[in-house]
Amino acid sequence: MSPGAAQPLLLGVRHHGPGSARSVRAALDAAQPRAVLIEGPPEGDALLALAAEPDMRPPVALLAHAADDPGRAAFWPLASFSPEWVALRWAQARDVPVRFIDLPAAHTLADGPGADADDGGAGSVPVDPLAALAGAAGYDDPERWWEDVVEHRDADSARDPLAPFAALAEAMGVLRETHGDGGRPRDLVREAYMRQRMRAARREFGADYAVVCGAWHLPALRARTTAAADRALLTGLPKTKVETTWVPWTHRRLARAGGYGAGITSPGWYAHLFAAPDRPVERWLTKVAGLLREEDRQVSPAHVIEAVRLARTLAALRGRPLPGLTETLEAVRAVMCDGSDVPLALIEDRLVVGDVLGEVPGTAPAVPLQRDLTRRMRTLRLKAEAQSRDLELDLRKDTDAAKSLLLHRLRLLGVDWGVPTASRTGTGTFRETWRLCWEPELSVRVAEAGIWGTTVPGAATARAQAEARGAGELGEITALAERCLLAGLSEALPAVLRALADRAALDTDVARLAGALPALARSLRYGDVRGTDASALGTVAAGLAERICVALPAACAAGLDADGAAALRGHVDGVHGAVALLADTDPGLRERWSGVLRTLAGRDAVPGVIRGRAARLLLDGGRLPAGETARLMGLALSPAAAPADAAGWIEGFAGGNAGGGTLLVHDERLLGLIDTWLVSVPPDAFVDVLPLLRRTFGAYEPGVKRSLGELVRRGPGAGRARSASRAAPEGFAPDLDPARADAAEALARLLLAAAG
1059 MSPGAAQPLL LGVRHHGPGS ARSVRAALDA AQPRAVLIEG PPEGDALLAL AAEPDMRPPV
1119 ALLAHAADDP GRAAFWPLAS FSPEWVALRW AQARDVPVRF IDLPAAHTLA DGPGADADDG
1179 GAGSVPVDPL AALAGAAGYD DPERWWEDVV EHRDADSARD PLAPFAALAE AMGVLRETHG
1239 DGGRPRDLVR EAYMRQRMRA ARREFGADYA VVCGAWHLPA LRARTTAAAD RALLTGLPKT
1299 KVETTWVPWT HRRLARAGGY GAGITSPGWY AHLFAAPDRP VERWLTKVAG LLREEDRQVS
1359 PAHVIEAVRL ARTLAALRGR PLPGLTETLE AVRAVMCDGS DVPLALIEDR LVVGDVLGEV
1419 PGTAPAVPLQ RDLTRRMRTL RLKAEAQSRD LELDLRKDTD AAKSLLLHRL RLLGVDWGVP
1479 TASRTGTGTF RETWRLCWEP ELSVRVAEAG IWGTTVPGAA TARAQAEARG AGELGEITAL
1539 AERCLLAGLS EALPAVLRAL ADRAALDTDV ARLAGALPAL ARSLRYGDVR GTDASALGTV
1599 AAGLAERICV ALPAACAAGL DADGAAALRG HVDGVHGAVA LLADTDPGLR ERWSGVLRTL
1659 AGRDAVPGVI RGRAARLLLD GGRLPAGETA RLMGLALSPA AAPADAAGWI EGFAGGNAGG
1719 GTLLVHDERL LGLIDTWLVS VPPDAFVDVL PLLRRTFGAY EPGVKRSLGE LVRRGPGAGR
1779 ARSASRAAPE GFAPDLDPAR ADAAEALARL LLAAAG
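First residue of the sequence shown: 1059, per our numbering; consecutive thereafter.
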């Protein structure tokens, strides 16, 4: 500013600080300035009137995004306890002009996203002013220092409401002298623009105006510079066209490090401190007790009284003026949680951070797609909430089906408001469970998706058609076809089917074909359930299935390594499930597929994991007699077989969670074959196959493991009364085998030594 000129009221604050907010309110009440300037993007000036609307409820954020690329966006969040929000509402309540004075978003977004893209170069660590001041005061916790010097100070009853701002400005002046731009060279440009806006305000209001900004900027705004020097800093800045609006924000998002003013660790606690008219600790602990009672914990008024007493005692012992968050949480843990961190974690999540979601007026500017989405949400009674919740849908009901279509269409547009999850009430084609959680960033995703259309169905259709044209692999298109059917996008299916037919005709990789078939089969099923015409997919699916049946045996015998064999084993499972879904449309398909499995199970050149899996699928389908199954197992586990290949056969046959352990419990002949092979494996080979065997048998349920262990210990059939003349079951001797016992003893000693 020019030498000798009267100075405006500069109020340096901490973003999202309730103590700063109270002090700002008291200072403005005392000074009564003619105008208020606030750190924020000037593009938001046109939206400031919306802050006075009854439907506006913080936390909210100003959103600015590049008009031609909505993904380049920045947020300026404001909570009820943010000093900037308090200053804004103070000015509006008194009809005082209020404006934003930070560097325009048009410059900020021109060379990258983010309102705070001002960090230094490589190796530069930006200075944390709060931590620096706390360290100078002998504190190792910046939050605790801030609570002691600001939050626990009653700004409304202070004799001089401007005194804390003067002290903070002096401290920041020392820091800026020591650290310069603090590792944020972009701040110098921002501060030059702020000074330009202050000069414009001086011409309009004289020196009778107030500036509310981050305390770090105070020394720069007080510096004596010329308009020419500031213009030189601002000359040549890149610029882009931007659009701005208000969007809801959340306390949980405020708690994340990054974004406007960086994160705060306890927004729920800060909101309580700002809103509590008196006795904040007592009111806070009463909230905690209420939450714990909702979770069926026994908490009485006596617990609250004792927790208040303990929090005050801890504060006194530590020399603090009042109990802070640390003392209150320690008191809660000791008195209300019986020393447990489990309920304390709930308190920290629900109250210290919180799931408060703000609201913005319906008149706020929005892209047409956002307006259409809002209308559909209102019609379906779907409310955006910050707290994660499950939504159970019955697709036989029209309203639930419409909700499902909306959520699937949004996912196709990249707006993951809802994520499908496992149902707690049962399974079935007609049921869906979604986990809903609205994050502020989804507003940006909606703006980005606006390039595809003005309505949710239209935009999703255009996006699906574009993805079909640009898909490079068959699996991508089959997955897209499934998503289109789930979303009810019948208009997009022709383009998807054309791309699908073209890719399927040209693709010769049997693994890719096998990976694509399950999605097609599910698509046919979903089309039937949702009343969508998916008959055109049947022809493509039948053609893929036929090609897989022809090519799969040769592909499995083509010298696969362990990873390739495991991948093809997974494809065999996927195709088997798809054949079950497609059998109604092609009655002969199941028989042809069974022939493929018989070929795989009996061909020695096929890796053991695939042969074993094929035998198991045939057995489960009733197409392989028990005697033939035992013969195949005996061949796979014969002494001539390589131990690794035999272990792979066992994994394919009995591994996973498909009931392999239960099968061995009830078929003692198969268990005996495995047991006989296991004890015959040479010691050096056993070390190599042990991880594979552990993976196979480790997946069994505890009860199955106990049953198998008991059977092996006493020998299958030993629990049944039998005469001495009865022969022992195949694979088991009538008496103890010392050689086998010695082998087991040696292995046990080896394992115990390793454990020790």
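Built from N, CA and C at the ideal position, the CB exists for glycine as well. The structure displayed is predicted, hence computed values, not measured ones.
Based on Cα-Cα distance, which residue from the options lies nearest to residue i?
i	options	result
Glu1531	Pro1552, Ser1548 and Leu1558	Leu1558
Gly1420	Leu1105, Ala1334, Arg1242 and Leu1766	Leu1105
Ala1195	Ala1699, Ala1229 and Gln1445	Ala1229
Glu1443	Pro1117, Pro1796, Val1400 and Glu1364	Pro1117
Arg1627	Pro1701, Ala1659 and His1165	Ala1659
Gly1348	Pro1359, Pro1760 and Val1339	Pro1359
Leu1823	Ala1743, Thr1687, Ser1398 and Ser1738	The requested residue 1823 does not occur in the structure, where the chain is confined to residues 1059 to 1814.
Glu1499	Ala1079, Pro1100, Pro1128 and Ala1089	Pro1128
Glu1205	Val1232, Ala1107 and Thr1384	Thr1384
Gly1272	Arg1439, Gly1098, Asp1198 and Lys1299	Gly1098
Leu1095	Leu1067, Ser1138 and Val1185	Leu1067
Phe1263	Ile1405, Leu1451, Gln1065 and Asp1458	Gln1065
Leu1494	Thr1512, Gln1445, Ala1520 and Arg1521	Gln1445
Leu1575	Pro1760, Gly1635, Val1608 and Ala1625	Gly1635
Thr1323	Asp1396, Glu1406, Thr1293 and Leu1402	Glu1406
Arg1669	Gly1710, Tyr1328, Ala1192 and Gly1692	Gly1710
Gly1416	Glu1649, Leu1120 and Asp1452	Leu1120
Arg1556	Val1598, Asp1430, Arg1408 and Arg1289	Val1598
Arg1436	Pro1645, Val1305 and Thr1457	Thr1457
Arg1671	Ala1699, Gly1685 and Ala1704	Ala1704
Ala1579	Phe1158, Trp1304, Leu1543 and Ser1462	Leu1543
Gln1428	Asp1474, Ala1225 and Thr1513	Thr1513
Leu1809	Leu1728, Arg1469, Val1745 and Gly1382	Val1745
Gly1238	Ala1281, Val1270, Ala1224 and Trp1203	Ala1281
Gly1767	Pro1796, Glu1726, Glu1525 and Ala1085	Glu1726
By a C-beta neighbour count over all protein chains shown, 10 Å radius and 16 as the cutoff for buried, is residue i buried or exposed?
i	result
Lys1441	exposed
Ala1539	buried
Ala1537	buried
Ala1173	Here the model assigns Ala1173 a pLDDT of 42, short of 50, so the residue's position is not dependable, and the following value carries that caveat. Per the 10 Å Cβ criterion, buried.
Arg1752	exposed
Pro1162	buried
Arg1367	exposed
Asp1733	buried
Leu1551	buried
Pro1076	buried
Gly1706	buried
Gly1316	For Gly1316, the predicted structure reports a pLDDT of 38, less than 50, and the residue's modelled location is therefore unreliable. The matter cannot be settled from this model.
Glu1249	buried
Ala1088	exposed
Gln1090	exposed
Ala1811	exposed
Val1071	buried
Leaving out five residues on either side along the sequence, give the residues of the same chain with a beta carbon under 6 Å from the beta carbon of residue i.
i	result
Leu1618	Pro1665
Val1425	Ala1505 and Gly1508
Pro1338	Leu1331
Val1414	His1309
Val1818	Residue 1818 lies beyond the range of the chain shown here (1059 to 1814); nothing can be said about it.
For a quick check, are the C-beta atoms of residue i and residue j less than 8 Å apart?
i	j	result
Leu1465	Gly1472	no
Ser1652	Arg1674	no
Arg1217	Pro1277	no
Ser1081	Pro1187	no
His1309	Pro1296	no
Leu1582	Leu1639	yes
Ala1553	Gln1523	yes
Val1154	Leu1146	no
Among the residues of its own chain, which have a CB less than 7 Å from the CB of residue i, if the five just before and after it don't count?
i	result
Thr1283	Arg1253
His1257	At residue 1257 the sequence reads Arg, which differs from the His that was named. The residues are Ala1285.
Val1300	Glu1101, Ala1122, His1123, Ala1124, Ala1125, Ala1163, Ala1164 and Leu1167
Tell me which residues share the same chain as residue i and place their Cβ nearer than 8 Å to its Cβ, disregarding the 5 neighbours each side in the sequence.
i	result
Arg1561	Ala1529, Glu1531, Leu1532 and Ile1535
Ala1802	Val1737
Ala1799	none
Pro1611	Val1654, Thr1657, Leu1658, Arg1661 and Val1664
Can you give, in chain order, each stretch of the alpha helix (DSSP H) that sits fully within the stretch 1365–1425 and has at least 4 residues?
Fully enclosed alpha helix (DSSP H) runs of 4 or longer: 1383–1393 and 1399–1405.
Could you pull out every unbroken alpha helix (DSSP H) segment of at least 4 residues lying fully inside the stretch 1261–1295, listed in chain order?
1276–1280 and 1285–1292
Completely contained alpha helix (DSSP H) runs for the stretch 1430–1475, where each covers 4 or more residues:
1456–1470
Ordered list of beta strand (DSSP E) runs contained in the stretch 1104–1129, each at least 3 residues:
1118–1124
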